[in-house]
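*Asks:* Just dropping this structure here.
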Amino acid sequence: MNSADEAPYLRVAVDVGGTFTDVFVQNERTGKSHVAKVPSTADPIDGVLAGVRAAGIDLDRVALFAHGTTVATNALITRNFPLAAMVTTAGFRDVIEIRRGTKQDLWDTYLDVAPPPIPRRHRLTVPERVDFSGKVLGALDEVEARRVAKVLRARKMTTVAVCFANSHANPVNELRMCEILREELPDAYITASSDVLPEIFEHERFSTTVANAVLAPKVSAYVNNLQDKLAGDGYHHDLLVLHSGGGVMTPATIERHGARLAASGIAAGAIATRHLAELCGFGNAIGLDMGGTSTDITLVADGEIRMTNQWFVEYGYPICFPSIEVLTIGAGGGSLAWIDEGGSLRNGPQSAGSVPGPAAYGNGGTVPTNTDANIVLGRLGSSLIDGGMSLDREAAATAIKAVVGDSLGMNVEDAAEAIVAVANANMADAVRLLSIRRGYDPRDFALVAFGGAGPLHGVDVARELSIPTVLVPPSPGVTSAFGCLLVDIQHDLSTMYLARADTARLEDVEEAFERLETEANKRLDAESVAPGDRAIERFVDMRYVGQWRSMSVPVGHPVRSIDDITAAFHNEHEREHSYRRDDAPVEIYRLAVRAVGAVQKPELTPAERVDTTWTPNPLGHRSVRYTGGREAVETPVFDRTHLPAGAELRGPAIIQQLDSTVVVPPDAAAVVDRWGTIVITV
Amino acid sequence: MVSQAVEKDLDPVTFEVLKNAFSTIVDQMAEQILRTCYSFVIYARDFSSALCDRDGNTIMQGSQDIAVHVGTLHFTAKAVIEEFGDDINPGDVFALNDPYLGGTHFSDMRIVRPIFHDNELIAFSQSNGHWADVGGKVPGSFDMTAHEHFGEGLRVTPIRIWDRGRYLHDVVRMVLANTRSPEIAGGDLHAQAQATKVAEDEIGRLIAKYGPNTVTTAFDRVQDYVEKVTSQRVAQLPDGEWETEDFLDADPARGEGLVRVRVKLSIDGDRIRYDCSGSDPAVANPLNASNGSAFSGLITGTKMFFPDVPLNSGFYRVVDVDLGPTGSVLNATWPTAVTGFCSGAYEKIVSCVFELWSQVVPERAIASCFNLEYLLVGGQDQRSPDSPNFMWYDWMVGGWGGRNGRDGSNCTSAVFGVGEEVQPFEAQERLSPVVTTSHEIIMDSGGPGAFRGGCGVRKGGTLTDAGRTVMSYCNDRSRSVTWGIEGGLPSMPHGLWLHRHDAAGPEYLGATFSNVAVGPGDSFERPSAGGGGYGDPLLRDPAAVLEDVLDGYVSVRRAALDYGVVVTENDADLLDYEIDVAATNELREQIRQSRRSWLQEDPQDIAARYSSGELDKFDLVRRYGVIVDWGTGELLGETTKSFRAMIQRRAVACWTT
């Protein structure tokens, strides 16, 4: 029981991944944190509760429980949806099947785009029409609308997406259809496109609405169930669930906006990246989260996480909410090395998975993986997870020789180095797409390397990109869970506002912003955010008249002048695309606000003192071969828990810890900072 | 701490790294174009980016590039080399759009930048984009009445637009001044030029890291690599010769009768050879292909049977092409009009190549896909007082051919540009005084087969405040209807129906026309065909037919007519339908008994039954093999003869019962 004199003092984050459920616990009273890792379970709630037990958490003492979940992502991947229908404008039944018509692979005539989430048989139409300006060309045919609603009731639909033409300009018909559906199907979820995403472009709006419709029942049932279970065990506050945009929501708003959780499980790494980089004084950082099968790359510039408005699980069905831009590539510890028919060495995207796993696991794997190559090179030791699992170097060497070495005429060590080099180059190319392609110079960034395999490869990837600094967080394997504790409640709202900048009226823009802010405050009210904890940021999306894409420019509150925001647009266009057209007319396309309800963050306690007198105390030595070195180098191996703040190491050095291995190659230098982060100068 | 790769030949790692880096560069160019372009056609991904070596050979092209530019990019770089020779300098940028120099059509403006290292030319980058208008007599620059190119649009032979870094304002202005939208064209020209700069900068970065010799060696090795992969694949295939033919609808100068495109494929060891001799002479409209786009059609079709092989000049080295005599419909020369090649000869070449390779690699077989179509409505937008020009320039998705063991894809972009997006009608309605009346799948549009062709769609609109407006249509296959293979049947004819505001009913304008005046209150609609069917439709699993009925892809009526499957409707609202097994067996037997003789029935008689409303277009193309003018009902006798012969060859000959 929670005694009156003892306020809750634990902050808990649980991040559910495909393989593991990670728990991060921060004790406010002591400033200490601890972690736990349990296997993920078929019903993720079991894994969450097991993690809570494994971490020894007394839920009575928990002040804040944050959660990153893949429930929505997995539902999208596996198409595990409730019975869902769509009601749309007559003549436009197939917008979500027509999509934009394109295929992800241009050349493979046997590789198909997935069918729409709601099949044609459950897409019904009603006569109604609104034009581009919002004028009603035809009122909703109420008789037909009622008939359609009754049909859907007879089919026992649990959720319905209502998607009408130009409803972003005037939702009157769409909202009336929703009313009729609610009357006829009182227990179903009814989602209107004008509510979910009031933006022009029918397929993108409809697709997002359909995602919301198919996810809402499942996702809200999940979070309500988890909330109840946690409450039953003594947790008395709102469950905070991470959404794709990098904020959290409570079960109260998730009910209406389930699709916002679509990327919940992969957003936390970016948040942790930003935080860890900031602690070390870096406003610019690239997150490299390398796990067993893939690597997630994210980018933070000037303290802001790079976002995208087009995110999808299945090609062709975008979910157009602001989402953290995560570039996922098939390069992980388990990615397979292979020789293609042209004799070229390739790496991934296929992975050995957990069965059979890398050859060194001794479970029958015969194709070499990055893990095998790292073992042969000595970068990984002969056991994983604190001795809990031993690795077979001979098996790794045999696989590398058979598949790569013999084909390329290389000895085993050279072949292993080649495998790692290709993996690193692939990761570096992916980082380039997110950085150089966006106009950012990697040399201005720090690389935050985490996930089980990130710290093994981090320095090599950084060198490939001329990134000067690599940061390895204290617990690389549970960094994402830590990220869940670092976020605020956040809602993103937008409205179309199409006007040329030279004729746009400041008062109109201000008024439109105020309307958005009223709605934003309503949502924050629902989540009981105190007025003092609120902050609302404004953005204007602009473009040169005639261009198709717009760019989002942050603006002040209130907007001072249209000229100011136009000037900001020219600057942003030049920064991103290296040219500007000062003479070309500019138009405003969309207004957006980000409403934030501050959530108290864990206060990490820095080390009380920095030990400058520390002398190296390796566990032992082993022979390690590094990139570019022809010979293996005798290298000291350290236990990370033995490295105090202030400890300085010159490469070569290997640092082992429970959930990862850090490689500090020759000519690199590492220092442990006051926050426990290893800062490597490459 | 930058590793210096060995400067002799390439180790496998440096090779793989540079290969991926080149690929990243061209995709970076594409991203830049998408973010900065003006033309909605380019924004919809009708563009390509390429890196070529100093001789103009293609090293790498964008992974999402439009197929129709494939195989023409090296011609473009070589045309610049041919024109300017030694007078190519750092800071220069060139432009051209000439289809008679290996290009596609005037709309595709190609911007080429030479890349130097230490004043030595080492490569070219190019950005090609489809401008919304390049002048000429028809808005959108598709004059479907043109015999010769004069007046179709501005022909730009290779010109210099930046001279050693100095922008040649006068030259560019002259080009832009010949378009209907100089501001948009100017915006695109700058966006494209800047995209080529992206490649220059990135190549510079690679040289700084790996050295110039390593990078230029990699240019060669990347091509060698593709050549090696492709020739090894081809060597594993059986040697042999296969030939086929396809048709354009008609030559306006020669009256009714289909126009032949012939393609012969030979595989000889590790080489592929194409011979297109025997094709008919060029037609008197712009549906002809010039040599560049004909080559592109052969390459595009071939590549779809090698989907995972990267595409560059190394691929072309494995393919020998003989287009046959000049002056044919697929080897047209100056000044023959070729702007509509993409809906005409090009599309037929690709369909032929699909059919040929379907025999060589049956596990990737695919029937004919719907024909690319472009509808252009241009005039004055009188919704605003200054009545600016508007251009409602539209293309549709359609059905792809049935496949071996799988139905064709519904609603997919044309083979010509699988990455080309259809436009949102909500954006079109904002930009043009046209209210879209429908954009939806056409029931029964997929060609019947054991594996059905994918479904096509219909899209139409009503003009509102449109002044001085004309409509043009660049399309084909209103007569040479999209066909099936291995016993599968054709889908449905193309063609636009116009319903004038003061007329009692719609009129049929066909699939190719130009400059038809239209005004407020007039509405129009046209279909995109489904794909052709694969395999005998009477062998389709009745359960699959039932699923199609539930989704409204196939009607209850045509389930019986096309598949012999009798479906009973119990309650449509509850999706309660069932198959009548006994009636199905009986009906399938009746169809087996009669279907060969239906294809022999008197065409005049069939045409009359169409005119009386007793038969519809599906009955004519699928059951009787008869082609008429779909508006007047007039029989097209010569066309019907060729069409029936085609059905005999592709369907009847494959029916085993």
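Protein chains in written order, with UniProt numbering: chain A, 1 to 682; chain B, 1 to 657.
Where a beta carbon is used, it is the ideal one built from N, C-alpha and C, also for glycine.
Predicted model only: the values in this text are computed from it and were never measured.
Would you tell me roughly how many angstroms separate the C-alpha atoms of V664 (chain A) and T615 (chain A), rounded to the nearest one?
*Replies:* By one-based count along the first sequence, residue 664 (chain A) stands at place 664. By one-based count along the first sequence, residue 615 (chain A) stands at place 615. Going from the Cα of V664 (chain A) to the Cα of T615 (chain A) covers about 17 Å.
*Asks:* Can you pull the chain A neighbours of V17 (chain B), defined as C-beta to C-beta under 7 Å?
*Replies:* The residue given as residue 17 (chain B) occupies position 17 in the second sequence. Those are A425, listed as they occur along chain A.
*Asks:* Measuring CB to CB, does R99 (chain A) end up less than 7 Å from H168 (chain A)?
*Replies:* For the purposes of this step, residue 99 (chain A) is taken as residue 99 along the first sequence, with counting starting at 1. For the purposes of this step, residue 168 (chain A) is taken as residue 168 along the first sequence, with counting starting at 1. Not a contact, by the Cβ cut-off of 7 Å.
*Asks:* Going by beta carbon distance, what residues of the same chain come within less than 6 Å of S3 (chain A), once the five residues before and after it are set aside?
*Replies:* On the first sequence, residue 3 (chain A) is found 3 positions in, with the first residue counted as 1. Unreliable positioning characterises S3 (chain A) in this predicted model, as indicated by a pLDDT of 47, which lies under 50. The coordinate reading is nonetheless provided below. If we look at S3 (chain A) and ignore the five residues flanking it on each side, it has no Cβ neighbours.
*Asks:* Can you give me the C-alpha to C-alpha distance between E256 (chain B) and N288 (chain B), rounded to a whole angstrom?
*Replies:* Looking up residue 256 (chain B) in the second sequence gives position 256. Looking up residue 288 (chain B) in the second sequence gives position 288. Whole-angstrom Cα-Cα distance: 17 Å.
*Asks:* Around the C-beta of P171 (chain A), are 16 or more other C-beta atoms found within 10 angstroms, so that it is buried, or is it exposed?
*Replies:* Taking the first residue of the first sequence as position 1, residue 171 (chain A) is located at position 171. Label assigned to P171 (chain A): buried.
*Asks:* Tell me whether H499 (chain B) sits in a helix, a strand or coil according to DSSP, three-state version.
*Replies:* Counting from 1 along the second sequence, the entry for residue 499 (chain B) is found at position 499. Of the three classes helix, strand and coil, the one that applies to H499 (chain B) here is strand, per DSSP.
*Asks:* Just tell me which of A:L345, A:P468, A:S383, A:G353 has its CA closest to the CA of L408 (chain A).
*Replies:* What you label residue 408 (chain A) is simply residue 408 of the first sequence in a count that begins at 1. Of A:L345, A:P468, A:S383, A:G353, the residue nearest in Cα terms is A:L345.
*Asks:* Identify each residue in the region 222–238 of chain B for which the Cβ-Cβ distance to at least one residue of chain A is less than 8 Å, and report them in chain order.
*Replies:* Answer in chain order: Y225, V226, K228, V229, Q232, R233.
*Asks:* I think D15 (chain A) touches A481 (chain A), with their Cβ atoms under 8 Å apart; what is that distance to the nearest whole Å?
*Replies:* The residue given as residue 15 (chain A) occupies position 15 in the first sequence. The residue given as residue 481 (chain A) occupies position 481 in the first sequence. That pair is a contact at about 4 Å.
*Asks:* Taking the alpha-carbon positions, what's the N91 (chain A) to Y315 (chain A) distance?
*Replies:* For this step, residue 91 (chain A) is matched to residue 91 along the first sequence. For this step, residue 315 (chain A) is matched to residue 315 along the first sequence. Note that residue 91 (chain A) corresponds to Gly in the displayed sequence, not to Asn. Distance between the alpha carbons of G91 (chain A) and Y315 (chain A): 24 Å.
*Asks:* Using a Cβ cut-off of 8 Å, pull out every chain B residue sitting near H577 (chain A), in sequence order please.
*Replies:* Translated into positions along the first sequence, residue 577 (chain A) becomes position 577. Near H577 (chain A) (Cβ distances below 8 Å), the residues of chain B are Q32, R35, T36, Q194.
*Asks:* Counting only runs of 4+ residues fully inside the region 4–38 of chain B, write out the alpha helix (DSSP H) ranges in chain order.
*Replies:* Entirely contained in the region 4–38 of chain B, the alpha helix (DSSP H) runs reaching 4 residues are, in chain order, 12–36.
*Asks:* Buried or exposed, going by whether 16 or more other CB atoms sit within 10 Å of the CB of G91 (chain B)?
*Replies:* Walking along the second sequence from the start, residue 91 (chain B) turns up at place 91. By the neighbour-count rule (16 or more Cβ atoms within 10 Å), G91 (chain B) is not buried but exposed.
*Asks:* Mapping the DSSP letters down to three states, classify N173 (chain A) as helix, strand or coil.
*Replies:* Mapped onto the first sequence, residue 173 (chain A) falls at position 173. Helix at N173 (chain A).
*Asks:* Please confirm if T412 (chain B) has its CB atom under 7 Å from at least one CB of chain A.
*Replies:* Taking the first residue of the second sequence as position 1, residue 412 (chain B) is located at position 412. Chain A contact via Cβ: present.
*Asks:* Check whether the region 425–443 of chain B and the region 479–487 of chain B touch, using three or more Cβ-Cβ pairs below 8 Å as the test.
*Replies:* No: the two stretches stay apart, fewer than three of their Cβ pairs being nearer than 8 Å.
*Asks:* Check each candidate in A:E527, A:E514, A:R549 and name the one with the smallest Cα separation from R538 (chain A).
*Replies:* The residue labelled residue 538 (chain A) in the question sits at position 538 within the first sequence. Ranking A:E527, A:E514, A:R549 by Cα distance to R538 (chain A) puts A:E514 first.
*Asks:* For K135 (chain A), does the three-state DSSP call read helix, strand or coil?
*Replies:* Here residue 135 (chain A) is taken as the residue at index 135 of the first sequence, counted from 1. Coil, per DSSP.
*Asks:* Whole angstroms is fine: what's the gap from V263 (chain B)'s alpha carbon to E347 (chain B)'s?
*Replies:* Stepping through the second sequence from its first residue, residue 263 (chain B) is reached at position 263. Stepping through the second sequence from its first residue, residue 347 (chain B) is reached at position 347. Going from the Cα of V263 (chain B) to the Cα of E347 (chain B) covers about 12 Å.
*Asks:* So what does DSSP say about P281 (chain B), is it helix, strand or coil?
*Replies:* Here residue 281 (chain B) refers to the residue found at position 281 when the second sequence is read from its first residue. In this structure, P281 (chain B) counts as strand in the three-state DSSP scheme.
*Asks:* Is there a C-beta anywhere in chain B that falls below 7 Å from the one on K103 (chain A)?
*Replies:* Working through the first sequence from its first residue, we reach residue 103 (chain A) at position 103. Closer than 7 Å: yes.
*Asks:* So what does H491 (chain A) bridge to, in DSSP terms?
*Replies:* Position 491 of the first sequence, counted from the start, is the residue given in the question as residue 491 (chain A). In DSSP, H491 (chain A) forms a bridge with A:A595.
*Asks:* CA-CA distance, A161 (chain A) and H122 (chain A)?
*Replies:* Position 161 of the first sequence, counted from the first residue, corresponds to residue 161 (chain A). Position 122 of the first sequence, counted from the first residue, corresponds to residue 122 (chain A). Those two C-alpha atoms are separated by around 11 Å.
*Asks:* Taking all protein chains shown into account, decide if F20 (chain A) is buried (16 or more other Cβ within 10 angstroms of its Cβ) or exposed.
*Replies:* The sequence position of residue 20 (chain A) within the first sequence is 20, counting from 1. Answer is buried; the Cβ neighbour count reaches 16.
*Asks:* Would the region 357–374 of chain B count as touching the region 114–134 of chain B if we require 3 or more Cβ pairs under 8 Å?
*Replies:* With the cut-off at 8 Å, the region 357–374 of chain B and the region 114–134 of chain B do not touch.
*Asks:* Just to make sure I have the definition right: I need the residues of chain A whose C-beta is within less than 8 Å of the C-beta of H439 (chain B). Which are they?
*Replies:* As a working mapping, residue 439 (chain B) is identified with position 439 in the second sequence. The answer, in chain order, is G91, F92, D94, V95, I98.
*Asks:* At what residues does the alpha helix (DSSP H) containing I419 (chain A) begin and finish?
*Replies:* Here residue 419 (chain A) corresponds to residue number 419 of the first sequence, with the count starting at 1. Where I419 (chain A) is concerned, the enclosing alpha helix (DSSP H) stretches over 412–434.
*Asks:* Measuring only the C-alpha atoms, how far is D605 (chain B) from E638 (chain B)?
*Replies:* Sequence index remark: in the second sequence, residue 605 (chain B) carries index 605 (1-based). Sequence index remark: in the second sequence, residue 638 (chain B) carries index 638 (1-based). Roughly 15 Å separates the two Cα atoms.
*Asks:* Does the count of Cβ pairs from the region 240–259 of chain A and the region 220–231 of chain A closer than 8 Å reach three?
*Replies:* Because the criterion of three Cβ pairs below 8 Å is met, the region 240–259 of chain A and the region 220–231 of chain A touch.
*Asks:* Could you name the residues of the same chain whose beta carbon sits closer than 7 Å to that of V2 (chain B), not counting the 5 residues immediately before and after it, in chain order?
*Replies:* The residue labelled residue 2 (chain B) in the question sits at position 2 within the second sequence. Any reading at V2 (chain B) needs caution, since the residue's pLDDT is 28, under 50, leaving its predicted position unreliable; the model's value is listed next. Excluding positions up to five away in sequence, the list reads K209.
*Asks:* With DSSP as the reference, label P666 (chain A) as helix, strand or coil.
*Replies:* Here the question's residue 666 (chain A) lines up with position 666 in the first sequence. Correct three-state label for P666 (chain A): coil.
*Asks:* Per DSSP, which one or two residues make a beta bridge with W242 (chain B)?
*Replies:* For the purposes of this step, residue 242 (chain B) is taken as residue 242 along the second sequence, with counting starting at 1. In the DSSP output, where bridge partners are listed per residue, W242 (chain B) has B:L265.
*Asks:* Return no unless some Cβ of chain B is closer than 7 Å to the Cβ of T369 (chain A).
*Replies:* Residue 369 (chain A) sits at position 369 when you count from the first residue of the first sequence. No, no contact with chain B.
*Asks:* Rounding to the nearest angstrom, what Cα-Cα distance links L471 (chain A) and A272 (chain A) in this structure?
*Replies:* Taking the first residue of the first sequence as position 1, residue 471 (chain A) is located at position 471. Taking the first residue of the first sequence as position 1, residue 272 (chain A) is located at position 272. Distance between the alpha carbons of L471 (chain A) and A272 (chain A): 12 Å.
*Asks:* Could you say which of A:I319, A:T69, A:M290, A:D541 lies nearest to A567 (chain A) if we only look at CA atoms?
*Replies:* The count along the first sequence starts at 1 and reaches residue 567 (chain A) at position 567. Among A:I319, A:T69, A:M290, A:D541, the Cα nearest to that of A567 (chain A) belongs to A:D541.
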